[in-house]
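One structure is given here, and the rest of the page talks about it.
2 protein chains.
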Amino acid sequence: MERSRVRLDRALAFRGRAWFDGAPETTDWYAAVPDDRGPLAVLGYADPAGGEVVLRRATAADVGAIVALIADDQLGATRDDPANLAAYLPAFAAIDADPAQLLVVLDDGGTVVGTMQVSFIPGLSRGGAMRGQIEAVRVAASHRGRRLGEQMIRWAVEESGRRGCALVQLTTDKSRADAQRFYERLGFTASHEGFKMTLGTT
Amino acid sequence: MERSRVRLDRALAFRGRAWFDGAPETTDWYAAVPDDRGPLAVLGYADPAGGEVVLRRATAADVGAIVALIADDQLGATRDDPANLAAYLPAFAAIDADPAQLLVVLDDGGTVVGTMQVSFIPGLSRGGAMRGQIEAVRVAASHRGRRLGEQMIRWAVEESGRRGCALVQLTTDKSRADAQRFYERLGFTASHEGFKMTLGTT
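Structure, rendered in structure tokens:
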């Protein structure tokens, strides 16, 4: 329902490079944006306990669990507070309304055990390439060691390819040595310096 | 004109954190998205020759000059081809139609002498913070040494603050030593590893 209301130009941006190659009737593009509120992927084979852990689009009901995952982290603990959900719900609404944003969760029988956000960003560089950008990746401590994170990132790369991206990118804090080895193992190259500047909260 | 047609939910996403604090009439938000096709800033004071170099939103007529700037670069030269503009115009249209994207140029008396893209990305991390992301920064060789790049980046940081971002981020190739010193001097911290993965072109 939400998806079907996206404006045409947003749908085009969302589809990215695919737009470059064909010349479909514009009305087709509305239909081409999926209303994919069901599971996006079943990662059950990654779960040695045999459970069906599914990857699905996040809903407003997941926000508390997602923020708890973000806060349950050496860096996030100082920056995020799941007890103050009111601050996060408008941010969720902004993400959810934007077809260029994809916020997903790993769902193990109704419990959120992982999360990730993927942004699809149009640009002129690299032949006018769309790029996929991965942010806010977390897997619950209870579910680590099952390669769920790996499957989730591989899915994000595949989804970026499906949407026509020429590049997938992410940054990870230099203090996260394990994360760096993880992304290198999955085929990413640490070719760039990641610069950040925190702005005063207004 | 283009701006005034953005959907309400996009306008809300575009405004980011500002949405969290007030509760304006929703119709106000359409009006709040600026139709800013005129100069965004005059950076003339950065030009010792006394000219008025202005920062303005890019138009389709600028795409050739922007791609030429992107290609006139040690890394871009192998990836971009200003002689093949057809590939870039749909990408420009996607950027231009998306209120979360801001592609700007430095204009010196009608000549494009610099460019930069800023993306505004909603997220749940850091208290549900919007972040500003800077990509594809170039200044023409003819105009380097005038601090136009510095003024342009400072403007992007200020604009991110005006839109309620809590963070500004960018990545730069590790081979660009000068760029790294430049961003550190402007107050950015190289706190992150920037990972990229190139996907096969489809």
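Residue numbers (the numbering used here), protein chains in the order written: chain A, 6 to 207; chain B, 6 to 207.
For every residue, glycine included, the Cβ atom is placed at its ideal position computed from N, Cα and C.
* Is any beta-carbon of chain B found at less than 7 Å from that of A:Met121? -> no
* Backbone CA spacing between B:Val110 and A:Asp178 [nearest angstrom] -> 31 Å
* Residues sharing a beta bridge with A:Gly119, DSSP -> DSSP lists A:Leu111 and A:Val144 as partners of A:Gly119.
* Can you grab the Cα-Cα spacing for the pair B:Gln212 / B:Val68, in whole Å? => This structure does not reach residue 212 of chain B, given that chain B is present from 6 up to 207, and the question cannot be answered.
* Asked: Under a CB-based cut-off of 7 Å, is A:Pro1 close to chain B?
  -> Because chain A is modelled from 6 through 207, residue 1 of chain A falls outside the range shown and cannot be assessed.
* To do: Taking only beta-carbon positions, decide if A:Ala76 is within less than 7 Å of chain B.
  => Answer no: the Cβ-Cβ gap between A:Ala76 and chain B never drops below 7 Å.
* Asked: With a CB to CB cut of under 8 Å and the five nearest residues on each side skipped, what residues in its chain are close to A:Arg208?
  -> The requested residue 208 of chain A does not occur in the structure, where chain A is confined to residues 6 to 207.
* Asked: Run through DSSP, which three-state label would B:His197 get?
  -> strand
* What residues match up with A:Met202 in a beta bridge as DSSP calls it? -> B:Val173
* Thinking C-alpha only, which one of B:Ala76, B:Arg167 and B:Glu189 is nearest B:Leu175? -> B:Glu189
* Should the stretch 115-133 of chain B be called in touch with the stretch 122-133 of chain A, which here means at least 3 C-beta pairs below 8 Å? -> Yes, the stretch 115-133 of chain B is in contact with the stretch 122-133 of chain A.
* **Members of the stretch 157-168 of chain A that neighbour chain B once the beta carbon cut-off is set at 8 Å** => Val162, Ser165 and Gly166
* Would a C-beta distance cut-off of 7 Å place A:Val144 and A:Gly132 closer than the cut-off? -> no
* **Beta-carbon proximity check, B:Ala161 vs B:Ala134, cutoff 7 Å** => no
* **Buried versus exposed call for B:Thr120 [16 or more other C-beta atoms within 10 Å across all chains shown]** => When all chains shown are included, B:Thr120 counts as buried.
* To do: Measure the CB-CB distance between A:Gly48 and A:Gln156 and report whether it falls below 7 Å.
  => The question names Gly, but residue 48 of chain A is Leu in the sequence shown. With contacts defined as CB atoms closer than 7 Å, A:Leu48 and A:Gln156 qualify as a contacting pair.
* Using three-state DSSP, classify A:Gly137 as helix, strand or coil. => strand
* Could you pull the start and end residues of the alpha helix (DSSP H) that B:Pro95 belongs to? => Leu94 to Ala102
* **Spatial distance of B:Leu90 from B:Ala76 (CA atoms)** => 12 Å
* **Best match in B:Gly199, B:Val117, B:Ala102 and B:Gly205 for proximity to B:Glu140 [C-alpha to C-alpha]** => B:Gly199
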